[in-house]
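One structure is given below, encoded as structure tokens.
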Amino acid sequence: MDAQQFLAAFGHIANAPGGTGKLRELVIQLAISGRLVERIETEAPASRAVKEAAEQRQAYEAALDLRATRMHSPLRLAPFPVPDHWQWTRLEQICLYIQRGKGPKYAEKSSAHVISQKCVQWSGFDLSSARYVANDSLGSYGKERFLCAGDLLWNSTGTGTAGRVAIYEFDESVTAVADSHVTVIRLANCSPRYLWCVIASPWVQSRIEPSHPDSLVSGTTQQVELNTSTVRALPVPLPPIDEQSRIVAKVDELMTLCNTLEKQQQARRKLQNNLRQSILQAVASSQSPHELQTAWTRLADNFGRLFIEAEDVADLRQTILDLAFTGRLSEQSEKVTSDLVESLHMRKMQLSAEKRIKRETPVIDFPGITEMLGSIPDQWAWVRLNDIASVVRGGSPRPAGDPKFYGGSIPFLKVADVTVAKGMLVERFTSTITEAGLNKTREISTRTVLLTNSGATLGVPAICEFRTTFNDGIAAFIELNDAVFDEYLYLFLKSKTKWLQDIASRGQGQPNLNTEIIRSMWFPLAPISEQYRVVSRVSELMRFCDVLEANLKHVSVVGERLVVASVSSLTGIAIEQEEELMKAP
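Quick note on numbering: the sequence shown equals residues 18 to 602 in the working numbering.
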């Protein structure tokens, strides 16, 4: 791909997922390849910078009485092409000093800071994360170990942390040393910002990975190490000193443009989200056929602009459920009679008298409960969840993990077993209990609707078809009345997940839904035949959402591949996609 082709594809690259991050990588890679600025013939060649650096290093080592640096063998091959007036050299050849920091003796307060890996971020150097080194240990630090203006700090330990680089921001009022996880690189005569570009480039960063064929780190994917000898031997594409300054200026200019583009994209995305939610809300809250038709036409006409990423489909799924439980996805032909509603109450009384359920207290009203009472068809009726089933909470044998109660042959559901389900059915159990543990929990043996009621993932329903017990983070709807189709109840609860989370978070501490809140919820009871029609229609529309979501994910993957291929074609370097995109400080 040449420059003209790149400009033609620029919009696709910039707007692809992570596109601006890849543009930043492209800018940096072009910068260190000599393709951002023109050569000025009168500038001294890079070889002079290397020679001067050697002289300065020798003088520095002599002044501080340091052992002379033992150099690696000269480079034989150029890792990638650079202009003829540049020179490939090892990092140690242009430095005064390269060394890991050392393990400090910490203090609550002292005259000197200890710079850790937390201080070294892609956004720049952050002194606020630094701790203090004890004053009585400062005598063990040579003068060279105290950080100077322009020092490069390169994180050297830990997956996800190793590889980050920042330029030390000197403050006369601050004295600082590095800890043993940070490598200090003190340049002789080169631009720290240019060397930051080299280290931050995809060519280097893609190799902070043990599985890379030309990896810079040792260890495993769980714990990597960037050794000092590797840092010293790192090949550097070196331009003349004056050209470094012009490269850095151009990089900063283009990074500013990338930042502006990113902010514009974020603002556009925010407006897009607001517009999508506004139109879908208009569809869901329509009070007449005319309003619904108008809102639906607006949605249809702008559908391609409103749904860009796979996550956008969640709003459409919620609207489908909202429409379903206001009676606008099904035709009304039967009616819920007052006799049917009364029979719900009579059956609960009978179950209590037969001691199949515990005697229940009256339902409660709480702030927010009336929000549920929206418009439903005249043929439907509002009842409480307590009217259609008995809501019970599971139990967790204590102490947790006690072999007396746990590790038997009886399935024991935890919240994660419910929330991990991809569809409406519970698919697994990850824990078991013994017969002794059975007396400390609750068991279900028939197809039952469940609802998580505690933690960050509360309000998530599922249907369990196998015999199991369940912990106290799950509620069950037992003795469900025959007037209710369990999948209809499941979909209703699914439509109220966010509402339940909002209600539960109004208290203090850990979000929690007690059974009193659940059983007091209003429930739109439709005739049983219509419940089946609602479930069928919702399932059909959800399959459409599945296809839409899959297509959007595919478009996203193709976009990401286009970005990687375009950048690789321009730079000639295969670049792995990084989880953490770099940003220029």
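Quick reminder that beta carbons are idealized off the backbone N, C-alpha and C, glycines included.
Distance, Cα to Cα, residue i vs residue j?
i: E596; j: T174; result: Low confidence applies here, because E596 scores a pLDDT of 41, under 50, leaving its location unreliable; read the following figure in that light. Approximately 17 angstroms between the Cα atoms of the pair.
i: F163; j: Q134; result: 16 angstroms
i: R373; j: L455; result: 18 angstroms
i: V221; j: R107; result: 14 angstroms
i: E186; j: D153; result: 25 angstroms
i: N32; j: V67; result: 41 angstroms
i: L243; j: P528; result: 43 angstroms
i: W213; j: I325; result: 35 angstroms
i: L598; j: V501; result: Residue confidence for L598 is low, a pLDDT of 40 falling below 50, so the modelled location carries little weight; the figure read from the coordinates is stated next. Each residue's Cα considered, the two are about 50 angstroms apart.
i: K160; j: G35; result: 43 angstroms
i: I337; j: G385; result: 22 angstroms
i: S262; j: D269; result: 11 angstroms
i: V99; j: L47; result: 10 angstroms
i: R87; j: P256; result: 24 angstroms
i: S64; j: E58; result: 14 angstroms
i: H229; j: A217; result: 17 angstroms
i: V191; j: S197; result: 19 angstroms
i: R334; j: S146; result: 43 angstroms
i: P209; j: L288; result: 40 angstroms
i: A166; j: R249; result: 20 angstroms
i: M363; j: V572; result: 55 angstroms
i: A567; j: A438; result: 18 angstroms
i: W171; j: Y123; result: 21 angstroms
i: Q73; j: E260; result: 20 angstroms
i: T447; j: L430; result: 7 angstroms
i: V234; j: C207; result: 25 angstroms
i: S556; j: Y211; result: 57 angstroms
i: D499; j: P306; result: 32 angstroms
i: K365; j: P379; result: 12 angstroms
Using DSSP's beta-bridge definition, name the partner residues of residue i.
i: C112; result: L204
i: N529; result: S471
i: E125; result: According to DSSP, E125 bridges with nothing at all.
i: S407; result: I495
i: I480; result: L442 and V466
i: F163; result: V194
i: P96; result: According to DSSP, P96 bridges with nothing at all.
i: L624; result: Outside the displayed range of the chain (18 to 602) lies residue 624, so it cannot be described from this structure.
i: F142; result: V137
i: Q104; result: L255
i: R210; result: Looking at the DSSP assignment, R210 forms no beta bridge with any residue, so it has no partner.
i: Y423; result: I450
i: E460; result: T486
i: Q174; result: Here residue 174 is Thr; the residue named in the question, Gln, does not match the sequence. Paired residue(s): E242.
i: S235; result: E242
i: A183; result: L170
i: P541; result: W399
i: R117; result: T200
Between the beta-carbon of residue i and the beta-carbon of residue j, is there less than 9 angstroms?
i: D404; j: V353; result: no
i: L204; j: C136; result: no
i: L309; j: L297; result: no
i: R293; j: L323; result: yes
i: L530; j: S471; result: yes
i: E377; j: R536; result: yes
i: V150; j: A129; result: yes
i: T200; j: R93; result: no
i: L346; j: L565; result: no
i: D168; j: I202; result: yes
i: L506; j: P478; result: yes
i: S512; j: D339; result: yes
i: Q396; j: E351; result: yes
i: L467; j: V435; result: yes
i: A341; j: R410; result: no
I believe residue i touches residue j by the beta-carbon criterion, under 8 angstroms. Please report the beta-carbon distance rounded to the nearest angstrom.
i: M272; j: V44; result: 7 angstroms
i: K11; j: A327; result: No answer is possible for residue 11: it lies beyond the span of the chain, which begins at 18 and ends at 602.
i: V300; j: A312; result: 4 angstroms
i: F487; j: K457; result: About 12 angstroms separates the two Cβ atoms, so there is no contact after all.
i: V241; j: A179; result: 5 angstroms
i: V552; j: E504; result: 5 angstroms
i: G344; j: I393; result: 6 angstroms
i: T469; j: G440; result: About 16 angstroms separates the two Cβ atoms, so there is no contact after all.
i: P414; j: I450; result: 6 angstroms
i: V443; j: I495; result: About 15 angstroms; that fails the 8 angstroms criterion.
i: S462; j: R484; result: 5 angstroms
Looking at the ligand MN, does it come within less than 8 angstroms of residue i, judged from the CB to the closest heavy atom?
i: V435; result: Within the structure as shown, the ligand MN is missing, as the structure has no ligands at all.
With 9 angstroms as the threshold, decide whether the Cβ of residue i is near any Cβ in chain B.
i: I495; result: Here there is only one protein chain, and chain B is not present.
Open item on the list: Could you tell me which whole alpha helix (DSSP H) segments of length 4 or greater appear in the segment 56–94?
Closed with: Listed in chain order, the complete alpha helix (DSSP H) runs (minimum 4 residues) inside the segment 56–94 are 63–80.
Task: Runs of beta strand (DSSP E) lying entirely within the segment 372–404, each at least 3 residues, in chain order - done: As far as the segment 372–404 is concerned, its whole beta strand (DSSP E) runs of at least 3 residues are 398–401.
Task: Segments of 4+ residues assigned as alpha helix (DSSP H) that fall wholly inside the segment 287–368 - done: Within the segment 287–368, the complete alpha helix (DSSP H) runs of at least 4 residues are 306–318, 320–323 and 330–341.
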